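Notes follow the structure.
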Ligand code: ATP
């Protein structure tokens, strides 16, 4: 319901997305295979060339010369044949070739002169070596060409990039590596037991879910939970992405699914993890490319494979998605992904445990208070919390500090939320700085006075590397739901940046910097009217809902403007100090509010 309010000027702050390591092993292997073939080829070529060069090539001599050598006793060996020529070895070891007179008495003559005579082909040892090496060389060329062409073939397109973990000590997570998410851990503990002892359940005719879907926002630990199930059950873990099965060629995805299940079946028991299953199992009506043949074939193959293994087999398919509502119902039927487990954003207690878990291997100074950090990180996912501590550790390491100090954590906090500070600010005009300062002060003041339960953690006009010209971080209280009044205040707070621009610079000088605020306000107003039924009526046609949203948005904008007009002096003093200091924190804001209200 709530959102972390980071009202930013001149840009949108994107989600913090973790980069999951892809399986590069396969590419690495194929690159190595190419290298191996290249080395083989070159080596064979070099040996061949050397042999061709060094092999004893017989020197041709005239028959008369041969007779003279024979006479002098210089011939020690001869190989006679029916061919036009024959070879002989001279005293120094050199081989010669000469015309064969095909004289039947030649052999006797040679023997009488003490020459060792053999009969056979006239091929020299060098020729033999050369032939063998030629064969090796050409075989290498053939193998290389075959492999190269095979890489391009559709058969190799079937190969699936599976992230596979079978080494228990290195790749596997355990439930202890997951902080919070207690309900989710509870919901999957029987699956671990089933994977360990499938017979225990089949004896009672109990059928374990073949498929489990983890759903929830990005970075909440869905992949981690799947890995931990495999880790606890000591079962091999196969991780793939849903989009790996949606390929350009029809049939490839389905073949990949069959390949994946075959691999898992060969292991006896296994956890198959399909991340972003929506890429494969989206409802047909959802999205522009709904109803594509390849996706349907792959989905059918998945469903067939899931129905194809028996409960004793010890294979569990776990899928993850950020959007359960867009999945095809066929996937969620009994016997398929019939257990759905929510893995949501951590609450205060869970945030404390996640922070403690990731803090444990880092040297933090005592002034870093995990409890208060947990309070400041409402709506942070587990991944964001991990990234926050990691960024802080990087800042401390860069400073060559002994410990990670509060300043590192503060810097990391804003880096995780808004990206790092932009270093070169020389291109920013003074007028732009002023507009940004008044815009952000508008948000801060509205948040401070209209939503007093929330905390304005920081206001800054330092642009961020993610494109925000400035931003105001407003942390809402940890609550289960919010009231109609609170929703309206949030919308006004979002619109207060634009209202402040208009108030101080005139309606013709409002800027594009408010685009993200307007987007968020429109979304909230729509929810207010259609989702939460807080408008004039619970029932709406599309046109009436649209009309009411537009009216409410204009109304709340006017309210925000009047509110700021009433506090124009306070707003100016906040903007003035912001222009001087570039960043203000909660204490600065409290001091400025107290000073003006006391006067
Ligand atoms: P996405 O939806 O983007 O695929 P996800 O929900 O699968 O994300 P993970 O990839 O499992 O999230 O989490 C990323 C990282 O965040 C984990 O490797 C871990 O470091 C940290 N993390 C997330 N949740 C937790 C948690 N409950 N306890 C400890 N660490 C967590």
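In our numbering, the protein residues as written are 1 to 599. C-beta: ideal position from N, C-alpha, C; glycine also. If you're wondering where the values come from, they're calculated on a predicted model, not measured in any experiment.
Problem set entry | Within 8 Å, strictly: CB atoms of residue 215 and residue 324 | Locating residue 215 in the chain shown gives position 215, where the first residue counts as 1. Locating residue 324 in the chain shown gives position 324, where the first residue counts as 1. In this structure, residue 215 sits near residue 324, with a CB-CB distance shorter than 8 Å.
Exercise. Rounded to the nearest angstrom, how far is the Cβ of residue 331 from that of residue 281, given a contact under 8 Å?
Worked result: Here residue 331 is taken as the residue at index 331 of the chain shown, counted from 1. Here residue 281 is taken as the residue at index 281 of the chain shown, counted from 1. Right, their Cβ atoms sit about 5 Å apart.
Exercise. Is residue 532 helix, strand or coil by DSSP?
Worked result: Within the chain shown, the letter at position 532 stands for residue 532. The answer is coil: DSSP assigns residue 532 none of H, G, I, E or B.
Problem set entry | Proximal residues to residue 594 (C-beta, below 7 Å), its chain only, five neighbours per side dropped | Sequence index remark: in the chain shown, residue 594 carries index 594 (1-based). Beyond the five residues adjoining it in sequence on each side, residue 594 comes within less than 7 Å, by CB distance, of no other residue in the same chain.
Problem set entry | With 16 other Cβ atoms within 10 Å as the buried cut-off, status of residue 400 | To locate residue 400, count along the chain shown from 1; it is residue 400. In summary, residue 400 is exposed, with fewer than 16 beta-carbon neighbours lying within 10 Å of its beta-carbon over all protein chains present.
For this session: Measure the beta-carbon distance from residue 442 to residue 571 and round it to whole angstroms, keeping in mind my assumption that it falls under 8 Å.
Result: Counted from its first residue, the chain shown places residue 442 at position 442. Counted from its first residue, the chain shown places residue 571 at position 571. The beta-carbon distance between residue 442 and residue 571, rounded to whole angstroms, is 7 Å. This is short enough to meet the 8 Å contact definition.
Exercise. Once you ignore the five residues that flank residue 346 on each side, which residues in its own chain have a CB closer than 7 Å to its CB?
Worked result: In the chain shown, counting from the first residue as 1, residue 346 sits at position 346. Cβ neighbours of residue 346 within its own chain (closer than 7 Å, five residues either side excluded): 180, 354 and 382.
Exercise. Less than 8 Å separating the beta-carbons of residue 277 and residue 260?
Worked result: Locating residue 277 in the chain shown gives position 277, where the first residue counts as 1. Locating residue 260 in the chain shown gives position 260, where the first residue counts as 1. With contacts defined by Cβ atoms closer than 8 Å, residue 277 and residue 260 do not form a contacting pair.
Exercise. Around ligand 1, which residues pass a check of Cβ closer than 6 Å to any of its heavy atoms?
Worked result: Result (chain order): 18, 178, 179, 180, 181, 218, 219, 220, 221, 222, 223, 224, 275, 320, 322, 354, 357, 382, 383 and 386.
For this session: Kindly indicate which residue of 470, 478, 544 and 560 has the alpha-carbon position closest to the one of residue 494.
Result: The residue you call residue 494 lines up with position 494 of the chain shown. If we check each option's Cα against that of residue 494, 560 comes out closest.
For this session: Compute the Euclidean distance between the alpha carbons of residue 501 and residue 297, then round it to the nearest angstrom.
Result: Taking the first residue of the chain shown as position 1, residue 501 is located at position 501. Taking the first residue of the chain shown as position 1, residue 297 is located at position 297. A straight-line Cα-Cα distance of about 54 Å links residue 501 and residue 297.
Problem set entry | Residue closest to residue 238, alpha-carbon to alpha-carbon, out of 366, 256 and 251 | Against the chain shown, residue 238 aligns to sequence position 238. Of the residues 366, 256 and 251, the one whose Cα lies closest to the Cα of residue 238 is 256.
Exercise. Since residue 605 is in the beta strand (DSSP E), which residue starts that stretch and which ends it?
Worked result: The question about residue 605 has no answer here: the residues shown for the chain are numbered 1 through 599.
Problem set entry | Of the listed residues 376, 499, 421 and 88, nearest to residue 586 (C-alpha basis) | In the chain shown, residue 586 corresponds to position 586, counting from 1. The residue among 376, 499, 421 and 88 with its C-alpha nearest the C-alpha of residue 586 is 376.
Exercise. Does the Cβ-Cβ distance between residue 269 and residue 315 come in under 8 Å?
Worked result: Locating residue 269 in the chain shown gives position 269, where the first residue counts as 1. Locating residue 315 in the chain shown gives position 315, where the first residue counts as 1. Result yes, Cβ atoms of residue 269 and residue 315 sit closer than 8 Å.
Exercise. Could you check where the alpha helix (DSSP H) with residue 258 kicks off and where it finishes?
Worked result: Residue numbering aside, residue 258 sits at position 258 when the chain shown is read from its first letter. From DSSP, the alpha helix (DSSP H) with residue 258 extends over 252–266.
Problem set entry | Residues near residue 87 in its chain [Cβ-Cβ closer than 6 Å; skip 5 each side] | Along the chain shown, one-based indexing puts residue 87 at 87. Answer for residue 87: 58, 79, 95, 97 and 122, listed in chain order.
Problem set entry | Spatially closest choice to residue 77 from 342, 362, 111 and 384, by CA coordinates | To locate residue 77, count along the chain shown from 1; it is residue 77. Shortest Cα-Cα distance from residue 77 to any of 342, 362, 111 and 384 involves 111.
For this session: Determine the direct distance from the alpha carbon of residue 236 to that of residue 338, and round the result to whole angstroms.
Result: In the chain shown, counting from the first residue as 1, residue 338 sits at position 338. In the chain shown, counting from the first residue as 1, residue 236 sits at position 236. For residue 338 and residue 236, the distance between alpha carbons rounds to 22 Å.
Exercise. What is the DSSP secondary structure of residue 415, counted as helix, strand or coil?
Worked result: Reading the chain shown from its first residue, position 415 is the one you call residue 415. In the structure shown, the three-state DSSP call for residue 415 is helix.
Exercise. Which whole runs of the beta strand (DSSP E) in the stretch 471–502 are 3 residues long or more, in chain order?
Worked result: For secondary structure counted as the beta strand (DSSP E) over 3 or more consecutive residues, the stretch 471–502 holds no complete run.
Exercise. For the beta strand (DSSP E) that contains residue 510, what are its first and last residues?
Worked result: Within the chain shown, numbered from 1, the residue matching residue 510 stands at position 510. Per DSSP, residue 510 belongs to no beta strand (DSSP E) and is neither H nor E.
Exercise. Taking the C-alpha atoms as reference points, what is the distance between residue 527 and residue 548?
Worked result: The residue labelled residue 527 in the question sits at position 527 within the chain shown. The residue labelled residue 548 in the question sits at position 548 within the chain shown. Between the C-alpha atoms of residue 527 and residue 548 there is a straight-line separation of about 12 Å.
For this session: May I ask you to report which of helix, strand or coil DSSP gives residue 197?
Result: Residue mapping note: residue 197 aligns to position 197 of the chain shown, counting from 1. In the three-state reduction of the DSSP assignment, residue 197 falls in the coil class.
For this session: Closer than 8 Å by C-beta to residue 425: which residues in its own chain qualify, once you throw out the five before and the five after it? Chain order, please.
Result: One-based indexing of the chain shown puts residue 425 at position 425. So the list reads 462 and 463, once near-sequence residues are dropped.
Exercise. Which class does residue 96 belong to by DSSP, given the choice of helix, strand or coil?
Worked result: The residue labelled residue 96 in the question sits at position 96 within the chain shown. Correct three-state label for residue 96: strand.
Exercise. Between residue 301 and residue 173, what straight-line distance do the alpha-carbon atoms span, to the nearest angstrom?
Worked result: The residue labelled residue 301 in the question sits at position 301 within the chain shown. The residue labelled residue 173 in the question sits at position 173 within the chain shown. Taking the straight line from one Cα to the other gives about 29 Å.
Problem set entry | Distance between residue 467 and residue 516 (C-alpha atoms, nearest Å) | As a working mapping, residue 516 is identified with position 516 in the chain shown. As a working mapping, residue 467 is identified with position 467 in the chain shown. Approximately 12 Å, taken between the alpha carbons.
Exercise. Which same chain residues, not among the five before or five after residue 212, have their C-beta less than 8 Å away from its C-beta?
Worked result: Counting from one through the chain shown, the residue named residue 212 turns up at place 212. 188, 191, 316, 317, 318, 319, 337, 339, 340 and 341.
For this session: Could you tell me whether the Cβ atoms of residue 499 and residue 564 are closer together than 8 Å?
Result: In the chain shown, the residue the question calls residue 499 occupies position 499. In the chain shown, the residue the question calls residue 564 occupies position 564. For the 8 Å CB-CB criterion, residue 499 and residue 564 form a contact.
Exercise. Who are residue 87's beta bridge partners in DSSP?
Worked result: Reading the chain shown from its first residue, position 87 is the one you call residue 87. 79 and 97.
Problem set entry | Under 8 Å between C-beta atoms of residue 535 and residue 514 | Start at 1 with the first residue of the chain shown, and residue 535 comes out as number 535. Start at 1 with the first residue of the chain shown, and residue 514 comes out as number 514. Pairing residue 535 with residue 514 gives a Cβ-Cβ distance that is not under 8 Å.
Problem set entry | residue 314 (DSSP reduced to helix, strand or coil) | Numbered from its first residue, the chain shown carries residue 314 at position 314. For residue 314, the three-state secondary structure derived from DSSP is coil.
Problem set entry | DSSP-derived helix/strand/coil call for residue 335 | For the purposes of this step, residue 335 is identified with residue 335 of the chain shown, where counting begins at 1. Coil at residue 335, not helix or strand.
Exercise. Beta strand (DSSP E) containing residue 237: first to last residue?
Worked result: Start at 1 with the first residue of the chain shown, and residue 237 comes out as number 237. Boundaries of the beta strand (DSSP E) harbouring residue 237: 237–241, taken from the DSSP string.
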